[in-house]
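Working notes, structure below.
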Amino acid sequence: MDAEREVLDVLARNAREDIDDIAAQTGLDAAAVADAIDALEADGVVHGYQAVVDWDRVDEGKIRAVVEINVELDRETGYEQVADRIAKFPAVDALHLVSGDYDFAVEVLGENMQDVSEFISEQVAPMPAVTQTVTHYIMETYKDGGIRFEDGDDDDRLSVSP
Amino acid sequence: MRLSDRARTLPESGIRKFFELAEARDDVISLGVGEPDFSAPWTARTAAIDSLERGKTSYTANRGMAALRERIADHHERYDQSYAPESEILVTTGASEAVDLAFRALVDPGDTVAVHEPTYISYGPGIELAGGEQLTVPTRSADDFALTRESLEAAGAAEADLLVLCYPNNPTGATMTDEEYAEVAAFCREEDLRVIADEIYAALTYGADHASIATQPGMRERTVVVNGFSKAYAMTGLRLGYALGPAEAIDAMNRIHQYTMLSAPTTPQYAAIEALDRCDDEVTEMVEEYNRRRRLVVSRFNEMGLDTFEPGGAFYAFPECGGDDEAFAEALLEAQGVAVVPGSVFGDGGEGHLRVSYATSMRELKEATDRIAAFVEGR
Chain R
4 MDAEREVLDV LARNAREDID DIAAQTGLDA AAVADAIDAL EADGVVHGYQ AVVDWDRVDE
64 GKIRAVVEIN VELDRETGYE QVADRIAKFP AVDALHLVSG DYDFAVEVLG ENMQDVSEFI
124 SEQVAPMPAV TQTVTHYIME TYKDGGIRFE DGDDDDRLSV SP
Chain S
356 MRLSDRARTL PESGIRKFFE LAEARDDVIS LGVGEPDFSA PWTARTAAID SLERGKTSYT
416 ANRGMAALRE RIADHHERYD QSYAPESEIL VTTGASEAVD LAFRALVDPG DTVAVHEPTY
476 ISYGPGIELA GGEQLTVPTR SADDFALTRE SLEAAGAAEA DLLVLCYPNN PTGATMTDEE
536 YAEVAAFCRE EDLRVIADEI YAALTYGADH ASIATQPGMR ERTVVVNGFS KAYAMTGLRL
596 GYALGPAEAI DAMNRIHQYT MLSAPTTPQY AAIEALDRCD DEVTEMVEEY NRRRRLVVSR
656 FNEMGLDTFE PGGAFYAFPE CGGDDEAFAE ALLEAQGVAV VPGSVFGDGG EGHLRVSYAT
716 SMRELKEATD RIAAFVEGR
């Protein structure tokens, strides 16, 4: 495995690992780890580092919705152009072009349901290319970013065993 | 009730004391655990659940389900080990049963069984229960705990009838290369030693492929290989292992097994089929995670001045703590709430070392090694 891939595997599991610990885990030296991180960022492989948040546990937390969007394209307007316009809204957390019954899957973050529905009806639906939207509010999150949202440590192994 | 001499004289495991000390506290980070911290792959667990829903709760064939033995045979091609599913494979209740059966099938009363130490703690008692006598062959930290021809000769193993090998090794994490095995194999052929090779950690090697003495010239016919699902697939509690060997040895082991166990438990056999069919990727991910932890732990111990050789397999590091390892481990537990197992528990050559299991989360490993560093600093 090359250095960048090894570093990426560590960061993808825990972006807060410091350079010395990544070096220890991969067997690279600290300078090589720093170079690999620089290269991953410069090449657009790593776009940022975020916490995986369970917003349900935050007072005045946020609500999340998955919005299906159908669009109609014309000679001047392709998926790229539509995506560019949708992605510019700060409320849009994630945007994917998908196969299947609709075109875009959009993850929207808002303060509350009203906030999200106003954003969709006032900002997204009126866009000329958009023909239909279907909004699914997320009621409960069980797993995100590869991490299970559950309580505690269920390590029930014997504390010392042969 | 009057107990048999055999039961009365069987010693208590040395690990028991540390288990009790660690269990008495509730703030302990344990690096003393000899099993994976992962759970069995979910698809393997669902296969077990499905089998229960379909009412698959009867005995299987004595030797284990044919479908499982076929997959085990296929699986072992990756180690260049080739065994016929119908006659050369026996599925057992954990690798532990396979080791016990091998002793009972291969050891006559008064036979001498050479065991390299430090090693896993069950071989000595198993040999004793089979009526044999253990001959200890110490391995040396200078050899990174690999077994050498010199060690065998120095210990007088030429007089032994049987040799037990455990590589990748618990507690040292040591592995053996084909070149190292070639020497040991030559010794076994010359001195007519049969071999029980416990390869339960075969899937957990880092950097180099697992090597086996059974693939050395002239060794297949004198070797019983033991393996299982506990370590590779994180299935310790499902108790499923197996033995691979020449038909006459497997027949003999099965003869005992059919009376004492009848068959290995049925539900885990379904889980194991699924594990072999579909869980290679998950094993690879676990191995990669163990490898990251291994490197971190080894580098941290070396940084704090406890010399640690680079273990090639299993999930243990074996740092040198100098002097009385038992006193070190007790004081460490007392002062910092970190549990490790003193190396001397695992026999000759283990003294002055600690068995450190890295089958625990990266976060806990960092916290535990920070605490150990503070303990070492303060001594």
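Residue numbers (my numbering), protein chains in the order written: chain R, 4 to 165; chain S, 356 to 734.
A virtual CB, placed ideally from N, CA and C, is assigned to each residue, including glycine.
Computed from a predicted model, the values in this text were never measured in an experiment.
Inter-residue CB distance, residue i and residue j (contact presumed, cutoff 8 Å)
i	j	result
Thr-138(R)	Val-70(R)	5 Å
Phe-735(S)	Ala-690(S)	Here chain S covers residues 356 to 734 and nothing more, so residue 735(S) does not appear.
Thr-398(S)	Tyr-597(S)	That belief does not hold up - the Cβ atoms of Thr-398(S) and Tyr-597(S) are roughly 20 Å apart, past 8 Å.
Ala-627(S)	Phe-683(S)	At roughly 39 Å, the Cβ-Cβ gap does not stay under 8 Å, so Ala-627(S) and Phe-683(S) are not in contact.
Tyr-713(S)	Arg-649(S)	6 Å
Ala-557(S)	Tyr-434(S)	6 Å
Phe-701(S)	Glu-472(S)	7 Å
Pro-523(S)	Gly-733(S)	Rounded, the Cβ-Cβ distance is 34 Å, inconsistent with contact.
Ala-515(S)	Ala-469(S)	4 Å
The alpha helix (DSSP H) enclosing residue i, as first and last residue numbers
i	result
Val-731(S)	717-732
Tyr-305(S)	Residue 305(S) lies beyond the stretch modelled for chain S, which goes from 356 to 734, so this question has no answer here.
Phe-107(R)	Run containing Phe-107(R): none in the alpha helix (DSSP H); it sits in the beta strand (DSSP E), 107-113.
Gly-583(S)	Note, Gly-583(S): premise wrong, no alpha helix (DSSP H); beta strand (DSSP E) at 578-583.
Asn-609(S)	602-615
His-565(S)	Careful: His-565(S) lies outside any alpha helix (DSSP H) and carries neither H nor E.
Ser-654(S)	635-658
Thr-401(S)	397-408
Val-10(R)	6-16
Ile-370(S)	370-378
Leu-687(S)	680-691
Residue i classed as buried or exposed, judged by whether at least 16 other C-beta atoms fall within 10 angstroms
i	result
Arg-718(S)	exposed
His-586(S)	Checking the sequence, you will find Lys at residue 586(S) rather than His. So Lys-586(S) counts as buried.
Glu-658(S)	exposed
Tyr-588(S)	buried
Ser-115(R)	Residue 115(R) is actually Asn in this sequence, not Ser. Counting Cβ neighbours within 10 Å, Asn-115(R) comes out exposed, since fewer than 16 surround it.
Thr-29(R)	buried
Ile-384(S)	buried
Thr-578(S)	buried
Ile-482(S)	buried
Ser-359(S)	exposed
Ile-404(S)	exposed
Asp-429(S)	exposed
Pro-464(S)	exposed
Leu-100(R)	exposed
Pro-131(R)	exposed
Leu-407(S)	exposed
Residues that residue i contacts on chain R, provided the C-beta gap is smaller than 8 Å
i	result
Arg-650(S)	Ala-27, Gln-28, Thr-29 and Gly-30
Ala-589(S)	Those do not exist, as Ala-589(S) stays about 11 Å from chain R at its closest Cβ, beyond 8 Å.
Ala-377(S)	Ser-162 and Val-163
Glu-643(S)	Asp-12
Listed by chain order, chain R residues near residue i by CB distance under 7 Å
i	result
Ser-385(S)	Ser-162 and Val-163
Tyr-414(S)	Those within 7 Å of Tyr-414(S) in chain R number zero; the least Cβ separation is about 29 Å.
Ala-694(S)	Ser-162 and Val-163
Amino acids of chain R, ordered along the chain, whose beta-carbon sits closer than 9 Å to that of residue i
i	result
Val-579(S)	Result: empty, since nearest Cβ-Cβ is about 21 Å, beyond 9 Å.
Glu-390(S)	Arg-160, Leu-161 and Ser-164
Ile-476(S)	Pro-165
Ser-368(S)	Pro-165
Glu-425(S)	Neighbours of Glu-425(S) on chain R: none; closest Cβ ~32 Å, over 9 Å.
Phe-374(S)	Leu-161, Ser-162, Val-163 and Ser-164
Ser-654(S)	Ala-26, Ala-27, Gln-28 and Gly-30
7 Å Cβ shell around residue i - same chain, five flanking residues per side excluded
i	result
Lys-411(S)	Thr-621 and Tyr-625
Gly-600(S)	Glu-443, Thr-578, Val-579 and Val-580
Glu-7(R)	Ala-39, Ala-42 and Leu-43
Close Cβ partners of residue i (< 6 Å) along its chain, the five nearest in sequence each way excluded
i	result
Ile-605(S)	Glu-443 and Leu-445
Ile-150(R)	Val-55
Pro-391(S)	Ala-589 and Ala-714
Host beta strand (DSSP E) of residue i (start-end)
i	result
Gln-135(R)	133-140
Asp-96(R)	95-100
Asp-553(S)	549-553
Ser-712(S)	709-712
Ile-72(R)	66-74
Gly-596(S)	596-599
Leu-520(S)	517-521
Thr-364(S)	No beta strand (DSSP E) contains Thr-364(S), which is instead part of the alpha helix (DSSP H) from 360-364.
Same chain, Cβ closer than 8 Å to residue i, five either side skipped, listed in chain order
i	result
Tyr-414(S)	Leu-617, Ser-618 and Thr-621
Arg-647(S)	Met-717
Val-10(R)	Ile-25, Thr-29, Leu-31, Val-36, Ala-39, Ile-40 and Leu-43
Glu-508(S)	Phe-542
Residue i: contacting residues in chain S (beta-carbon distance under 8 Å)
i	result
Val-13(R)	Arg-647
Asp-38(R)	Chain S residues near Asp-38(R): none, gap ~19 Å exceeds 8 Å.
Chain S contact residues for residue i, given Cβ-Cβ distances below 7 Å
i	result
Asp-21(R)	Result: empty, since nearest Cβ-Cβ is about 10 Å, beyond 7 Å.
Under 9 Å from the C-beta of residue i: neighbouring residues of chain S
i	result
Asp-154(R)	Per Cβ cutoff of 9 Å: no residues; Asp-154(R) is ~16 Å from chain S at best.
Asp-24(R)	Leu-651, Met-717 and Lys-721
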